[in-house]
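Asks: Counting in the numbering used here, the first sequence tops out at residue 211, every number present.
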Amino acid sequence: MATSDRVPTPLPPSFYAQPTLTVARRLLGARLVRVLPGGARLSGRIVETEAYTGLDDLASHGRRKPTKRNAPMYGPPGRAYIYFTYGNYWMLNIVTEPEGDPAAVLIRAVEPLEGLDEMAARRPDRPPLEWTSGPAKLVLAFGITGDMNTTDMTTTGGGLWIEPDESVPDDRVRTGPRVGLNTTPEPWLSLPWRFWVAGNHYVSKGSGRKQ
DNA sequence: CCGAGGATTATCT
DNA sequence: GATAATCCTCGGA
1 MATSDRVPTP
11 LPPSFYAQPT
21 LTVARRLLGA
31 RLVRVLPGGA
41 RLSGRIVETE
51 AYTGLDDLAS
61 HGRRKPTKRN
71 APMYGPPGRA
81 YIYFTYGNYW
91 MLNIVTEPEG
101 DPAAVLIRAV
111 EPLEGLDEMA
121 ARRPDRPPLE
131 WTSGPAKLVL
141 AFGITGDMNT
151 TDMTTTGGGL
161 WIEPDESVPD
171 DRVRTGPRVG
181 LNTTPEPWLS
191 LPWRFWVAGN
201 HYVSKGSGRK
211 Q
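1. Helix, strand or coil: which one does DSSP assign to residue 91?
2. Among the residues of its own chain, which have a CB less than 6 Å from the CB of residue 111, if the five just before and after it don't count?
3. Per DSSP, residue 175 is paired with what?
4. Please state whether DSSP places residue 166 in a helix, a strand or coil.
5. Can you name the residues that DSSP bridges to residue 105?
6. Using the rule of at least 16 other Cβ atoms within 10 Å of the residue's Cβ for burial, across every protein chain shown, is residue 135 buried or exposed?
7. Taking the C-alpha atoms as reference points, what is the distance between residue 128 and residue 140?
8. Three or more C-beta pairs closer than 8 Å, one from the region 6 to 21 and one from the region 113 to 132: is that the case here?
9. Would residue 30 and residue 97 be called neighbours here (beta carbons separated by less than 8 Å)?
10. Candidates 188, 88 and 148: which alpha carbon is nearest residue 284's?
11. Rounded to whole angstroms, what's the CA-CA distance from residue 208 to residue 89? Just pull it up for me.
See below:
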């Protein structure tokens with residue numbers, strides 16, 4: 001093994017067991033990695049996240065008792081919570097907080113780093129800026145599917161994990177309301193629980209582009 | 001460039 | 001029966 005080979009080091013369960021807002025903030029700059037069944041490696045820098053706590057958060061699927069859909073949020077930290085919405089789209093979340101506490105972080109946007117040819121093949125006739133600049137888009141580009149729900153993302157065995165990479169300093173982080181909540185009442189509608197990297201072109205256009 | 005409206009279906013009430 | 005943590009197309013400026 002050459003010394004220059006990257007050794008995969010997924011973020012451990014103890015990272016995801018932290019408070020959800022802390023996890024959402026600290027995931028900025030980390031690297032989302034996907035190894036396809038054929039062996040191709042895709043990765044991207046996480047540039048936008050949203051925190052969904054359970055219990056008191058009326059915007060979160062975790063606000064309800066366990067159901068068929070939200071059950072993974074009650075499970076151990078570091079597992080994937082992948083759900084279907086709007087009749088067409090899958091969303092990738094990572095479960096946070098200790099087991100039994102229903103919370104997760106939604107991965108909303110990444111900046112492509114590896115596997116650009118694979119992403120291009122999945123997004124024909126779309127420019128690179130539209131491959132991963134939204135939660136449903138990045139799931140498509142990375143070949144993530146609904147049957148990967150509950151994958152353990154703290155090991156490499158499931159072909160999906162997050163590695164530490166760059167750290168984003170506080171003065172490059174922006175926060176704002178979560179996107180797409182529509183009928184959620186205040187104060188949850190306006191809580192600044194969306195985090196993104198200031199000025200990064202791959203941040204979604206979901207709630208304005210002020211950066 | 002920008003905003004409005006439609007698509008499309010699993011899950012929940 | 002209604003809703004949805006979205007995306008895309010289209011029409012107007």
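Don't be surprised by glycine CBs; every beta carbon is placed ideally from N, CA and C.
Replies: Judging by the given coordinates:
1. It is a strand residue.
2. Excluding its 5 nearest sequence neighbours in each direction, residue 111 has C-beta neighbours in its own chain below 6 Å: 44, 45, 47 and 202, listed in chain order.
3. The partner list for residue 175 (beta bridge, DSSP) reads 195.
4. In the displayed model, residue 166 falls within coil according to three-state DSSP, outside both helix and strand.
5. Paired residues: 51 and 94.
6. That one is buried.
7. Looking at the two C-alpha atoms, the distance is approximately 13 Å.
8. Output reads no: the region 113 to 132 does not touch the region 6 to 21.
9. In this structure, residue 97 does not lie closer than 8 Å to residue 30 by Cβ.
10. Absent from the model: residue 284. The displayed extent of the chain is 1 to 211, so no value can be given.
11. Caution is warranted here: a pLDDT of 46 is assigned to residue 208, below 50, making its placement in the model unreliable, and the coordinate value is therefore given only provisionally. The straight-line gap separating the alpha-carbon atoms of residue 208 and residue 89 is approximately 21 Å.
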